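Per full-length UniProt numbering, the sequence shown runs over residues 1 to 239. We treat Cβ as the ideally placed atom computed from N, Cα and C, and that holds for glycine. Note that the structure is predicted; figures quoted are calculated from it, not measured. Here is the structure we will look at.
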Amino acid sequence: MANDIVLEVKNLEAGYDDVQVLWGVNLKVRRHSLTTIIGANGAGKTTTLKSICGLLKNVRGTVILNGEDISALPTHKRVDRGLVMVPEGRWLFPEMTVLENLRMGAFTKRARAKRDETLEWVYTLFPRLKERANQKAGTLSGGEQQMVAIGRGLMALPEVLILDEPSLGLAPNLVLDIFKIIQELKNEGLTVLLVEQNVHLGLAISDYAYVMENGKIIMEGTGSELENDPKVKEAYLGL
Ligand code: ATP
Numbered sequence: 001m002a003n004d005i006v007l008e009v010k011n012l013e014a015g016y017d018d019v020q021v022l023w024g025v026n027l028k029v030r031r032h033s034l035t036t037i038i039g040a041n042g043a044g045k046t047t048t049l050k051s052i053c054g055l056l057k058n059v060r061g062t063v064i065l066n067g068e069d070i071s072a073l074p075t076h077k078r079v080d081r082g083l084v085m086v087p088e089g090r091w092l093f094p095e096m097t098v099l100e101n102l103r104m105g106a107f108t109k110r111a112r113a114k115r116d117e118t119l120e121w122v123y124t125l126f127p128r129l130k131e132r133a134n135q136k137a138g139t140l141s142g143g144e145q146q147m148v149a150i151g152r153g154l155m156a157l158p159e160v161l162i163l164d165e166p167s168l169g170l171a172p173n174l175v176l177d178i179f180k181i182i183q184e185l186k187n188e189g190l191t192v193l194l195v196e197q198n199v200h201l202g203l204a205i206s207d208y209a210y211v212m213e214n215g216k217i218i219m220e221g222t223g224s225e226l227e228n229d230p231k232v233k234e235a236y237l238g239l
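Next up, the structure:
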């Protein structure tokens, strides 16, 4: 059903200065699903996410959220409609407390109205953040900082939560924790669009996934279809 699709991207083209990076990217994200984009370094995954969120100049193509063409809207208006990205590298305010960082996420009018309620929900998802509410974010472990970054994204009340490489730079056991959290978010009914370099784990938790190469989507399918695809196995899973 068409209204099952919460986010649709059509013919996205983008780049930096004179260098074109995306060459007609098409993708769809189903409501309440976990959709992943995988691909090698430099394939254009982050550029795709930034283009969807309105963070780059001179993007061509169409971005449709809940049936509305938002391609011409500035980033903050996209956030207000529920397109919320947790960037690679987390970008927390290290000198501010966990609570202050979380509150920063609720900056739109829509989110501010429900801020206290949403905070309680975030604390039930991440009890550790409640324990550390008054600690400076910069003093937390990498995994905890990633929880703050995701929690801050949730404070904006996303229709689609976009996560760019949430496991990057984390120790292996923390990577597993973050993947569990992402699965939990999906189980809570959230819609998640994930970019992930850990192809094995990324596909294992995905409902649907896209493989990106040289600025194009070259393959798509359910997580298990792609995990069992001989080309994906050879190129991305080292099998
Ligand atoms: P990675 O996992 O390394 O982040 P990616 O698939 O997300 O890879 P992008 O970050 O989207 O890839 O990069 C795609 C291409 O765009 C690369 O060739 C990269 O060098 C180039 N690029 C990315 N950011 C910039 C920038 N700010 N200025 C110029 N070129 C850039």
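{"Item": "May I ask whether a heavy atom of ligand 1 can be found less than 8 Å away from the beta carbon of Ala-235?", "Value": "no"}
{"Item": "I think Val-86 touches Leu-163, with their Cβ atoms under 8 Å apart; what is that distance to the nearest whole Å?", "Value": "5 Å"}
{"Item": "In whole angstroms, give me the CA-to-CA distance for Ile-37 and Phe-93.", "Value": "28 Å"}
{"Item": "In terms of residue numbering, what span does the alpha helix (DSSP H) encompassing Gly-82 cover?", "Value": "Segment: none, Gly-82 is in no alpha helix (DSSP H) and carries neither H nor E."}
{"Item": "Using CA coordinates, which residue listed in Gly-44, Ser-206, Pro-158 is at the minimum distance from Thr-118?", "Value": "Pro-158"}
{"Item": "Quick check on Glu-159: does DSSP put it in helix, strand or coil?", "Value": "coil"}
{"Item": "Considering just the uninterrupted stretch of the beta strand (DSSP E) at Ile-182, what are its terminal residues?", "Value": "Where Ile-182 is concerned, there is no enclosing beta strand (DSSP E), although the alpha helix (DSSP H) it sits in stretches over 172-187."}
{"Item": "Where Gly-221 and Tyr-208 are concerned, what is the direct C-alpha to C-alpha distance, given to the nearest angstrom?", "Value": "6 Å"}
{"Item": "With ligand 1 as the reference, list in chain order each residue whose Cβ lies under 5 Å from any of its heavy atoms.", "Value": "Tyr-16, Val-21, Asn-41, Gly-42, Ala-43, Gly-44, Lys-45, Thr-46, Thr-47"}
{"Item": "Starting from Leu-49, trace the alpha helix (DSSP H) both ways and give me its first and last residue.", "Value": "45-53"}
{"Item": "Going by DSSP, what residues sit across from Trp-91 in a beta bridge?", "Value": "Partner(s): none; Trp-91 has no beta bridge."}
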